[in-house]
Structure formats: structure tokens, C-alpha cells
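In what follows, a single structure is set out as C-alpha cells and then discussed.
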Amino acid sequence: MPDSAEQAVRYFRRHQQLYGDQLILGEPLESSEVSGDKKAVVDRPVTLAEYEEEICHCQKCPLGATRTKFVFGVGSPAADLVFVGEAPGFEEDRQGEPFVGRAGKLLDKILAAIELTRQDVYICNILKCRPPDNRDPLAAEVEQCLPHLKEQFRIIQPKLIVALGRVAAKTLLGVEDSLKHMRQQVYTYEGVEMRVTYHTAALLRNPRLKAPAWEDFQTIRDRYRELAGLPPWQKPEGPASAG
Ligand code: URA
1 MPDSAEQAVR YFRRHQQLYG DQLILGEPLE SSEVSGDKKA VVDRPVTLAE YEEEICHCQK
61 CPLGATRTKF VFGVGSPAAD LVFVGEAPGF EEDRQGEPFV GRAGKLLDKI LAAIELTRQD
121 VYICNILKCR PPDNRDPLAA EVEQCLPHLK EQFRIIQPKL IVALGRVAAK TLLGVEDSLK
181 HMRQQVYTYE GVEMRVTYHT AALLRNPRLK APAWEDFQTI RDRYRELAGL PPWQKPEGPA
241 SAG
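Per our numbering, the sequence shown starts with residue 1, numbered consecutively.
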């Protein structure tokens, strides 16, 4: 989306947060003129960049002291499709960007296969800082970090959330279920449609999961296109047959 279109989308989302569906033309109200709940909305960060600036020095849990870089997220701030992984690993901690190691390279390839890039979507994690030795996130870390993710969702307003792997899925859904079962369900998270598929690291460990994961990603592609108002995906035509 061109910058100006993105700005317009953000402006109207912001307008809707403040004034609901009523279109108010003319000078916007100063934040001091807005009372009650609406004032609270005015004081919250408007853009992802502002929010990143606000939280990037977070020390709410001990991972703040051991991280190299805070891994906020990457992609389009107006993405309709958001992928949520578990937590930064070694490379992500080093570079400050999610999914840049081996699992990330595979995610890029899968996105390319459904004609998307990491700039078309948004990619982030349950935790913004790397747990030592890549251990699973602790409940106390999740408790401190989950509000950051919810705020990201509030700003982005995606149409479809995809949890990558069991940790992301069970954290968001609050259920202990098998991934095999969860990937066949359609959930709602904070009012947004949510689906679950395998983590790309699991696909690297167990290539037999690649076929079911590919089914999931085709479903994700089709549903994303539907929700985003894009024409249904069509298989690209091969070269015209000679003669
Ligand atoms: N695994 C994740 O869950 N997230 C990353 O960013 C990288 C690997």
C-alpha cells in the first residue's frame, strides 16, 4: 500500500476510535476537550512506531536484563494478516527482528508460495525478549508481555491472526489442546478471527509436517484474501502451449 493510503487508513481508524462511525469534518478536538473514556483513548499510542518507542526499554520481567535486542515485530502497520510466534531466538535477539533465523527463512519461503512477503503481513511473538537457551516462556513472562501484543493488535486491527505453534496458540487461547486438533478449528481472539498452524521450526525438525502445514497455509491464503476483499486466488497460468 502506498504511504499516503496507509496514512489515510490510520487517520480513519483513529477517527473511528475517537468518534465512532460518525464522520466529523472540520478541526479535530484537542485531546483536552475529549472527556471520559475517549480521553483515555487519546492518551494511548496511535502508531506502532510510537508504541515501539514507548516499550522498547521494557524491564517488566528479568528477560529485559538478558536480551541483546528487544524484538518488537516487523511488517505492515496496517496488515490484515498477523503471524504470532513464540519468542525471539538467537538470531532474532541479535538482529532485533522476528523470524530471521532458519525457521524465519522457511516462513519467508512459505509466504512467497502464497504470494506474500513479510512487508505485506505483520510478524511478531508472544514474548519480545529471548528466553535463555530458547526455553519455553514462563507464565510470569507471558503475563507481563501479553499486554504488549494486545496493544499491537489494537493498533494494527488485523482481520486474521495466525498462531504459529503450540506455545503461541495455547497462550492466546488459554487452552491445552493438540496442535493437530487446533489447526482444524477457527477461533476468535479479541474479536479477530484466529487460526493455528505448525511453527516453522517444527517443520524443520519434522519434514512430514510440511504437507499438512501447506494445507493450512493455502487455507490461510484463501481466508486472508476473502477477509481483505481481494479476488480469490487463482493458479497462475502456465506458458501457452505451442501450436
Ligand atoms: N521462533 C519464534 O517463535 N519466533 C521467532 O521470532 C523466531 C523463532
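We put the CB at the ideal spot given by N, CA and C, even for glycine.
task = Determine, using beta-carbon pairs with one atom in the region 138 to 155 and one in the region 97 to 111, whether at least three such pairs fall under 8 Å.
result = no
ask   = With a cut-off of 8 Å, do at least 3 Cβ pairs link the region 169 to 186 to the region 64 to 71?
value = no
request  = Pull up the distance between the alpha-carbon of W233 and that of V121, whole angstroms please.
outcome  = 17 Å
query = What number of angstroms, rounded off, separates the C-alpha of R225 from the C-alpha of V186?
reply = 16 Å
Proximal residues to H199 (C-beta, below 6 Å), its chain only, five neighbours per side dropped = L164 and G165
message = Taking the straight line between their C-alpha atoms, what separation do you get for E50 and P239?
response = 47 Å
task = At 4 residues or longer, and completely inside the region 170 to 196: list those alpha helix (DSSP H) runs for me, N to C.
result = 179 to 182
ask   = Can you tell me the Cα-Cα spacing of I156 and A79, whole angstroms?
value = 6 Å
ask   = Cβ of G73 within 6 Å of any heavy atom in the ligand URA?
value = no
inquiry  = So, for S32: in the same chain, excluding its five sequence neighbours on each side, which residues have a beta-carbon less than 7 Å away from its beta-carbon?
reply    = The pLDDT assigned to S32 is 37, lower than 50, so where the model puts this residue is not dependable; a value taken from the coordinates is nonetheless given after this. Hits under 7 Å: none found.
query = Are C56 and G64 closer than 7 Å when you measure CB to CB?
reply = no
task = Tell me, please, which residues DSSP counts as bridged to L81.
result = L160
key: N134 beta carbon less than 7 Å from that of P98   = no
request  = Might you give, ordered along the chain, the residues of its own chain that have their beta carbon closer than 7 Å to the beta carbon of S117, omitting 5 neighbours on each side?
outcome  = In the sequence as displayed, the identity of residue 117 is Thr instead of Ser. Within the same chain, T117 has close Cβ partners L111.
query = Buried or exposed: which applies to E30, given that a residue is buried once 16 or more other Cβ atoms fall within 10 Å of its Cβ?
reply = Note that E30 has pLDDT 38, beneath the 50 cutoff, so the model's placement of it is unreliable and the number below is only indicative. By the neighbour-count rule (16 or more Cβ atoms within 10 Å), E30 is not buried but exposed.
inquiry  = If contacts are defined as beta-carbon pairs under 8 Å, then V175 and D136 qualify, I think. What distance do you get, rounded to the angstrom?
reply    = Contact doesn't hold; Cβ gap of about 16 Å is too wide.
task = Following the continuous beta strand (DSSP E) through Y122, name the residue where it begins and the one where it ends.
result = Y122 to N125
message = For G26 and A113, what's the separation of their Cα atoms in angstroms?
response = Because G26 carries a pLDDT of 39, less than 50, the predicted location of this residue cannot be relied on, and the following value inherits that uncertainty. Computed Cα separation, rounded: 45 Å.
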